[in-house]
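Here's the structure, in structure tokens; my notes come after.
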Amino acid sequence: MIEKKVTIVNKAGIHVRPAASIVKLAAKYKSEFVIYRDGLSINGKSIIGVMTLTAAQGTTLKLTFDGTDEKEAAEEITNYFERGFDEI
Amino acid sequence: MKYSFEITDKNILHGIAAAPGITIAKAFLYSKEVESVDKTTITDVEEAKHNLTFAIEKSKKELNKIFNLAIDKLGEQRAAIFEAQIMILEDPYLLDKLFSRIEEEKLNPEFIVHDEITKYQNMLNSSAEDYLKERANDIGDIKNRLIKNLKNKQWKSRIQNDVIVIAELITPADTVLFTRVNVKGYITNFGGLTSHAAILARSLNIPAVLGVHDSTARIKDDDIIIIDGFHGTIIINPTIDQLNYYGNKISKLTQLDNELMTLKNEKAITKDGIEIIIQANLDIDEELVFVEQKGAQGIGLLRTEQFFNVLDNIPDEVFQLGFYKKISESIYPNKLTIRAFDIGGDKFLPYDVKEPNPMLGWRGIRFLLDHPQLFKSQLKAILRASINGNIQFMIPMVSSLDEIIATKNYLDECKVELRSENISFDENIKFGVMIEIPSAALMIKEFSKYVDFFSVGTNDLIQYLLACDRGNEIVNQLYQEFHPAVLRVLDFMVSEAKKVNKPISICGEMASDKFAVPFLVGIGFKFLSMNASSIPFIKKIVRNLSIDSCQKLANECLNLSSEKEILDNIESYFKKNIEQDIEKIFS
């Protein structure tokens, strides 16, 4: 299992478009993908979960990836978070 | 007005008299309040799961359509919400949860959907940020769509025949659904005279009283209700006296109706021999029977946007072709005027575009010119249906010449394409425009170089001229059909059209207003198009008029300065000139 810490850097936070993109990226991989925020955990492949995450700019999240392709999944998804969802 | 009982009786409610007629029947409360989803146990889990699958698929289909259209127009960024909504309907974790809860808890799917998705909404709503609360609404939309589609399946079997529907608000789509189960009348808490539901009720000959604020609170299922659609009165569980009074009225009305029907094959000719052509407005196939029955001389306005209600979809060219052909053939050799889709405003925008001011926004020809494919499919279907030579075509919501020229270009393009495919059509098909926007009313002369005829939509024209939202109960008393400015604009248009020798007709509600008809005839309108059920009565009025007296009345009205003066004047005209028996209906 791989664990990553990311900070939300774009202004609008995880709004609808990034939420959809995160889920689409996650769906490409077999690995389980979970997002943790303040003790709350949601499945990263569930759009309604990600939309409900209410992660605004500055929020720090923990991401975990678990499965055969966890390395690739972790790299692509973490990278997308770090790019500020291509909004900066 | 004499009642044999006290008008202040506690079982009487008042509203807007939206569609005439009197009827006595049982009440059926049509509640669409999503919050009040019932919690019921189910016995057939498989059926419940099947219904949920059906609702999910239907919702996805609706959203896919919306999404594709939205990308075109709004761009990917703003269309993303629809994509996210589709993804929610495919969310494996959510779906798994919904289906497994149905299995385990054995509760109805509406309740499970409501309960499960509301949890997410509540999480978002508890946040302090406004934009997150908005997202809760997006999730709420999905929930409502699912529940609506779960319920729709039920409604069809749940509404009984021969009931009076009581609802908060009735959408045009509801009205169409109700026609299938022989609804006897409508009562709503909200909505006004010119709401689309009211127009449909009138054309289907179903009495309606709208804007009765507490109807859903006061009336229970199976209460016996009297609707008096002439006076906007409803009576809940009537006394014997009240029943006798209205029973008596109903039989008198039937008698009068039969008398009027003898005029069916007579023309609407004034006493001094001028013929007025009276045509029908048509929304849905179901009304076609009335067109013949009521003696209409063709269809002056076919509103095609009803497809969206009935089919929940934009039909393709072939489907439209079949529909237009069927109607044109059934009224041949009378003429059929087809109006292009009037989408937007208060009418079924196919996707949830939130405009700050939809009535001044993306509707009618504006919408069509932005969707060339959709527009061309309709143009081609109309052209192909026109082979018998009795179809003409017009566009709604024109505000300037550019829109007419652009439409003509599309029309020519379609003609060229059809010719190259060797498909025949009426080469001389007439092309007209609706006059609903004040700017268009002032441009008749310029427009006439490009168009063959004009048709005045009074409802929109009045609301744009007076800057008054006809659907807004707070200001709808400012919506005055007989405002002096309205009459003057009508007069101006007729004389402009006369100068360029192009026919002009009127297809708004005003054409079926008994008080308006003498004025309209007086200023020179020769074509009136209205809901079919009004035709016999308006024919009768026209046959009692003389052109001379109408012209005199019109001239007087054009010089008055308030609606009240004008109405007083018309009323005294009626007393002097129109046979007493016409008045009987309204007493």
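Heads up: the sequence lines are chains A and B, in that order.
Heads up: the first sequence begins at 1 in our numbering, then just goes up one per residue.
Heads up: the second sequence begins at 89 in our numbering, then just goes up one per residue.
Even for Gly, the Cβ is constructed at its ideal location relative to N, Cα and C.
Query: In the DSSP assignment, find the unbroken alpha helix (DSSP H) run with L186/B in it and report its ends.; Result: P180 to E193
Query: Take the Cβ of H15/A as the centre, count every other Cβ of all protein chains shown within 10 Å, and call the residue buried at 16 or more, exposed below.; Result: buried
Query: Between the beta-carbon of G386/B and the beta-carbon of I426/B, is there less than 8 angstroms?; Result: no
Query: Whole angstroms is fine: what's the gap from I174/B's alpha carbon to A368/B's?; Result: 41 angstroms
Query: From E164/B, P606/B, E134/B and I629/B, pick the residue whose C-alpha is nearest to that of Q639/B; which is it?; Result: P606/B
Query: With DSSP collapsed to three states, give me the class of K355/B.; Result: coil
Query: In chain A, which residues lie with their C-beta within 7 angstroms of the C-beta of D203/B?; Result: Correct list: empty, because the minimum Cβ distance to chain A is about 14 angstroms.
Query: Only counting the same chain, and skipping five residues up and downstream in sequence, which positions put a Cβ closer than 6 angstroms to that of D430/B?; Result: E393, G452 and P484
Query: Between the region 30–50 of chain A and chain B, which residues of the former have CB atoms less than 8 angstroms from a CB of the latter, in chain order?; Result: N43, K45, S46, I47, I48 and G49
Query: Could you tell me if P444/B is buried or exposed, where buried requires 16 or more neighbouring beta carbons within 10 angstroms of its beta carbon?; Result: exposed
Query: Under a CB-based cut-off of 8 angstroms, is E171/B close to chain A?; Result: yes
Query: Counting only beta-carbon atoms, is R223/B nearer than 8 angstroms to chain A?; Result: yes
Query: Give me the Cα-Cα distance between S487/B and S527/B, rounded to the nearest whole angstrom.; Result: 6 angstroms
Query: Hey, quick one: how far does the beta strand (DSSP E) through Q367/B stretch, first residue to last?; Result: E363 to L370
Query: So is A143/B in contact with chain C if we call contact Cβ pairs under 8 angstroms?; Result: In summary, chain C is missing from the structure at hand, where the protein chains are A and B.
Query: If we define contact as Cβ-Cβ less than 8 angstroms, is R19/A a contact residue for chain B?; Result: Contrary to the premise, residue 19/A reads as Ala rather than Arg in this sequence. So yes, A19/A belongs to the interface.
Query: May I ask you to report which of helix, strand or coil DSSP gives E509/B?; Result: coil
Query: For G49/A, which of helix, strand or coil comes out of DSSP?; Result: helix
Query: Taking C-alpha atoms, which residue in E32/A, R37/A and G58/A lies nearest to G44/A?; Result: E32/A
Query: Do L409/B and A469/B count as a contact pair if the criterion is CB distance below 8 angstroms?; Result: yes
Query: Measure the CB-CB distance between K382/B and S617/B and report whether it falls below 8 angstroms.; Result: no
Query: Per DSSP, what kind of secondary structure is G612/B in: helix, strand or coil?; Result: coil
Query: My understanding is that D371/B touches S291/B, with C-beta atoms under 8 angstroms, so please give their C-beta distance in whole angstroms.; Result: 6 angstroms
Query: Please report how far the alpha carbon of L655/B lies from the alpha carbon of F603/B, in whole angstroms.; Result: 8 angstroms
Query: Go ahead and label Q330/B buried or exposed: buried means 16 or more other beta carbons lie within 10 angstroms of its beta carbon, across all protein chains shown.; Result: buried
Query: Could you pull the DSSP bridge partners for A113/B from this structure?; Result: I313/B
Query: Roughly how many whole angstroms lie between the Cα atoms of E123/B and I176/B?; Result: Because E123/B carries a pLDDT of 49, less than 50, the predicted location of this residue cannot be relied on, and the following value inherits that uncertainty. E123/B and I176/B: Cα-Cα distance of roughly 20 angstroms.
Query: Are there 16 or more other CB atoms within 10 angstroms of the CB of L348/B, so buried, or fewer, so exposed?; Result: buried
Query: Taking Cβ-Cβ distances shorter than 8 angstroms, what residues in chain B pair up with V16/A?; Result: A168, I169, A172, R223 and D226
Query: If the cut is a Cβ gap below 7 angstroms, which residues of chain A does I176/B touch?; Result: I47 and I48
Query: Under the three-state reduction of DSSP, which class applies to Q408/B: helix, strand or coil?; Result: helix
Query: Under a three-way DSSP split, which group does H202/B fall into?; Result: helix
Query: Alpha carbon to alpha carbon, how far is Y661/B from K413/B?; Result: 43 angstroms
Query: Applying the criterion that 16 or more other CB atoms from any shown protein chain within 10 Å of the CB defines a buried residue, is E524/B buried or exposed?; Result: buried
Query: The region 60–72 of chain A: which residues have C-beta closer than 9 angstroms to a C-beta of chain B, in chain order?; Result: none
Query: Just to check my reading of the structure: V300/B and L101/B have Cβ atoms closer than 8 angstroms, yes? What is that Cβ distance to the nearest angstrom?; Result: 5 angstroms
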